[in-house]
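>
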Amino acid sequence: MAQAQSTEADWVSRFADEVIAEGERRAPGKPIVVASGLSPSGPIHLGNLREVMTPHLVADEIRRRGLECVHILSWDDYDRYRKVPAGIDPSWAEHIGKPLTSVPAPPGSSHANWAEHFKAAMIEALAELGIEYKGISQTAQYTSGAYREQILHAMKHRGDIDAILAQYRTKPKPAAKKQQKPVDEAELEAAEGSGAAAEDDGSGSTGYYPYKPYCTACNKDLTTITAYDDETTELSYVCACGHGETVLLKEFDHGKLVWKVDWPMRWAHEGVIFEPSGVDHSSPGSSFQVGGQIVGPIFGGEQPIGPMYAFVGISGMAKMSSSKGGVPTPGDALKIMEAPLLRWLYARRKPNQSFKIAFDQEIQRLYDEWDKLGAKVADGTVLPADAAAHARAVRTAAGELPVTPRPLPYRTLASVVDITAGHDEQTLRILGDLDPANPVTSLDECRPRLDKAEHWINTQVPADQRTIVRAEPDTELLGSLDDQGRESLRLLLEGLDEHWSLDGLTNLVYGVPKVMAGLEPDAKPTPELKVAQRQFFALLYHLLVGRDTGPRLPTLLLAVGADRVRKLLAA
Numbered sequence: 003m004a005q006a007q008s009t010e011a012d013w014v015s016r017f018a019d020e021v022i023a024e025g026e027r028r029a030p031g032k033p034i035v036v037a038s039g040l041s042p043s044g045p046i047h048l049g050n051l052r053e054v055m056t057p058h059l060v061a062d063e064i065r066r067r068g069l070e071c072v073h074i075l076s077w078d079d080y081d082r083y084r085k086v087p088a089g090i091d092p093s094w095a096e097h098i099g100k101p102l103t104s105v106p107a108p109p110g111s112s113h114a115n116w117a118e119h120f121k122a123a124m125i126e127a128l129a130e131l132g133i134e135y136k137g138i139s140q141t142a143q144y145t146s147g148a149y150r151e152q153i154l155h156a157m158k159h160r161g162d163i164d165a166i167l168a169q170y171r172t173k174p175k176p177a178a179k180k181q182q183k184p185v186d187e188a189e190l191e192a193a194e195g196s197g198a199a200a201e202d203d204g205s206g207s208t209g210y211y212p213y214k215p216y217c218t219a220c221n222k223d224l225t226t227i228t229a230y231d232d233e234t235t236e237l238s239y240v241c242a243c244g245h246g247e248t249v250l251l252k253e254f255d256h257g258k259l260v261w262k263v264d265w266p267m268r269w270a271h272e273g274v275i276f277e278p279s280g281v282d283h284s285s286p287g288s289s290f291q292v293g294g295q296i297v298g299p300i301f302g303g304e305q306p307i308g309p310m311y312a313f314v315g316i317s318g319m320a321k322m323s324s325s326k327g328g329v330p331t332p333g334d335a336l337k338i339m340e341a342p343l344l345r346w347l348y349a350r351r352k353p354n355q356s357f358k359i360a361f362d363q364e365i366q367r368l369y370d371e372w373d374k375l376g377a378k379v380a381d382g383t384v385l386p387a388d389a390a391a392h393a394r395a396v397r398t399a400a401g402e403l404p405v406t407p408r409p410l411p412y413r414t415l416a417s418v419v420d421i422t423a424g425h426d427e428q429t430l431r432i433l434g435d436l437d438p439a440n441p442v443t444s445l446d447e448c449r450p451r452l453d454k455a456e457h458w459i460n461t462q463v464p465a466d467q468r469t470i471v472r473a474e475p476d477t478e479l480l481g482s483l484d485d486q487g488r489e490s491l492r493l494l495l496e497g498l499d500e501h502w503s504l505d506g507l508t509n510l511v512y513g514v515p516k517v518m519a520g521l522e523p524d525a526k527p528t529p530e531l532k533v534a535q536r537q538f539f540a541l542l543y544h545l546l547v548g549r550d551t552g553p554r555l556p557t558l559l560l561a562v563g564a565d566r567v568r569k570l571l572a573a
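Residues in the sequence shown are numbered from 3 upward in steps of one, following the working numbering.
1) Determine whether the beta carbon atoms of Lys262 and Ser279 lie at a separation below 7 Å.
2) Could you tell me which residues DSSP pairs with Met124 in its beta bridges?
3) Assess contact between the segment 351 to 367 and the segment 383 to 390, defined as three or more Cβ pairs (one per stretch) separated by less than 8 Å. Is contact present?
4) Do Arg492 and Cys448 have their C-beta atoms closer together than 7 Å?
5) With a CB to CB cut of under 6 Å and the five nearest residues on each side skipped, what residues in its chain are close to His392?
6) Sort Gly137, Arg52, Asn460 and Ala127 by Cα distance to Met310 and report the nearest one.
7) At the level of alpha carbons, what is the spacing between Cys243 and Lys100?
8) Alpha carbon to alpha carbon, what distance is there between Thr145 and Tyr230?
9) Based on the DSSP secondary-structure assignment, which residues constitute the bridge partners of Thr226?
10) Where does the unbroken alpha helix (DSSP H) through His58 begin, and where does it stop?
11) Does the beta-carbon distance from Leu344 to Ala335 come in below 7 Å?
12) Confirm, please, whether the CB-CB distance from Leu570 to Leu546 is below 7 Å.
13) Considering only the beta carbon of each residue, do Val21 and Phe276 sit closer than 7 Å?
14) Take Ala416 as the anchor and find which of Ala270, Gln366, Leu430 and Arg82 has the nearest alpha-carbon.
15) If Asp420 sits next to Thr469, beta carbons under 8 Å apart, how far is it from one beta carbon to the other, in whole angstroms?
16) Is it buried or exposed, Asn440, if we count other Cβ atoms within 10 angstroms and call 16 or more buried?
17) So, with DSSP's three-state summary, where would you put Leu69?
18) Is it buried or exposed, Gln169, if we count other Cβ atoms within 10 angstroms and call 16 or more buried?
19) What residues are listed by DSSP as bridge partners for Tyr213?
20) Would Ile74 pass as a contact of Ile138 if the rule is Cβ separation under 7 Å?
21) Here's the rule: buried if 16 or more other CB atoms are within 10 angstroms of the residue's CB, otherwise exposed. What is Asp370?
22) Note the first and the last residue of the continuous alpha helix (DSSP H) segment covering Thr145.
23) Alpha carbons only, please: which of Met518, Val72 and Trp116 is nearest the one belonging to Pro87?
24) Taking just the CA atoms, how far does Glu233 sit from Arg16?
25) Which residues in the same chain as Glu189 place their Cβ atom closer than 6 Å to its Cβ, once the five residues preceding and following it in sequence are excluded?
26) Does DSSP put Ser289 in a helix, in a strand, or in coil?
27) Apart from the five residues just before and just after Gly246, which ones in its own chain have a Cβ nearer than 6 Å to its Cβ?
Here it is as structure tokens:
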């Protein structure tokens, strides 16, 4: 028997302990089942990724311990199409009420339908993130008759289901807890669980029915069941389009259980042990709470264990397309950051802790933090919980994730591609000068991190913040310098050749103001000295790029090149 005890002090291990114990109690000897659900009703964003990443990390820990674990990812692609997102032709409103798999893909898409279009981007991102799962299309499940017995059973026990739901319909909603504000309506819906949370619960003027047919004439769910016979399974419905018919439900595969019944049905059908849920499930009457009341008495199953997860916020986003409603997707994040970094953001925070993913300048600090963590792991000074989060970020039970062979600081790479406008030869020249004793000889050594930094510069940094090196010296500013200003530039230019590396130039630019103050180049900075350094740096930025600030000066000097620096700074 594989070791099934947690050895690391992190939230993933603790959940894995609980899930393994629960699996032994519920289904001893069988593979452990964890689950996620995603509705491809539009772009699947970084908030939704927590729905997948939380069970993935737990499943992966269980697999690391040598136990069999299946991560089911239900694509809720048989949900109704509810609204036309921003940026899509308003004529798509004619499809509201159809299953997502029956709605045409957005204009210009190569995919078969709306659901497949939005699934494709997420499938690609999940592969890059190393997430192993078993995808289940709910369209395929319902239309193949896989749930036929469960549907007939739910209809037979509709009175019992109605009685459970009735307990919540009349309860006043509690005062909302103060929570991090969701990014937008799409994220609020995502927080409600894996299916169409806004859907009705089956109540109607003709009685309670936990099943909703899609009309065979217009393919929409604008239907009302008017009669149902438990013995024959004859079901009669009318549709807002004018169509009406009577079908045998035991042979009819063109409809689905309402969401609050569908979810617990699947828990029982799939034997789910662990599934997280969005923050809205803390309220009575939410799908998760009601599902817990339905799953046992109606379907003979048990509610999964699992945490409620908090919102994932975003900092920055310069040019996100309006068609995405301003909410970036995992694919958007993976264009500017490597997969292990994105995994780490989800692994290091407990599911009930909200956090932000940086699309602005904060990404540079985030990468610095990530690189420092890697250094601590390498030298053995890392804390256990941090080590666990790092290990979960860089590898899965199946193996290591791809890494950048030579991970230079992200902020350095971003500065270089900013200054060179992505010119490969210029970029290689500068990167080769960073550490002359161990020069970069091929850009491939720095990929994919270099490509991520370049994409970030090109898509997230506004044009007015880009770095443009002066073509000619600022003769007016140079002519206005006093003796001290000219002397500081002379000292800098005099030391260029000797200090031509990233570390060397760092020592030089910080050292010049010290020498000017009569101190040694390695003297400890004082408050007065820091003021002098800031003034010197501002002068250099004005002479090199015409602004008060810019990329780190040592990187900027390397990028500009010694000859051009001399031309621009010669007083």
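Think of the CB as a built atom: it goes at the ideal place given N, C-alpha and C, for glycine as much as any other residue.
Taking the definition as stated:
1) For the pair Lys262 and Ser279, the CB atoms are not nearer than the 7 Å cut-off.
2) According to DSSP, which records beta bridges pairwise, Met124 is partnered with nothing at all.
3) Below 8 Å, too few C-beta pairs join the segment 351 to 367 and the segment 383 to 390 to call them touching: fewer than three.
4) For the 7 Å CB-CB criterion, Arg492 and Cys448 do not form a contact.
5) Taking C-beta separations shorter than 6 Å and ignoring five residues to either side along the sequence, the partners of His392 in its chain run Leu375 and Val379, following chain order.
6) Taking only the C-alpha atoms, the option nearest Met310 is Arg52.
7) Each residue's alpha carbon lies about 13 Å from the other.
8) Each residue's alpha carbon lies about 20 Å from the other.
9) Per DSSP, the beta bridge partners of Thr226 are Val240.
10) First-last of the alpha helix (DSSP H) with His58: Leu48 to Arg66.
11) Ala335 sits close to Leu344, with the two beta carbons spaced by under 7 Å.
12) Contact flag set, yes.
13) With respect to the 7 Å criterion, Val21 and Phe276 are classified as neighbours on the basis of their beta carbons.
14) That would be Gln366, whose Cα lies nearest to the Cα of Ala416.
15) Sure, about 5 Å apart at Cβ, within 8 Å.
16) Around the C-beta of Asn440, fewer than 16 other C-beta atoms lie within 10 Å, and the residue is accordingly described as exposed.
17) If DSSP states are grouped into helix, strand and coil, Leu69 belongs with coil.
18) Counting C-beta atoms within 10 angstroms of its own C-beta, Gln169 has fewer than 16 neighbours from the protein chains shown and is therefore classed as exposed.
19) BP columns for Tyr213 point to Leu259.
20) Yes, these two residues count as a Cβ contact at 7 Å.
21) Burial is judged here by how many other beta carbons sit within 10 angstroms of a residue's own beta carbon; Asp370 has fewer than 16 and is exposed.
22) Unbroken alpha helix (DSSP H) run through Thr145: Gln140 to Thr145.
23) Out of Met518, Val72 and Trp116, Trp116 has the C-alpha closest to the C-alpha of Pro87.
24) One Cα belongs to Arg16, the other to Glu233, and the distance between them is close to 48 Å.
25) With a pLDDT of 46 at Glu189, under the threshold of 50, the predicted position of this residue should be treated as unreliable, and no value is reported.
26) Residue state, collapsed to three classes: helix.
27) If we look at Gly246 and ignore the five residues flanking it on each side, its Cβ neighbours are Val240.
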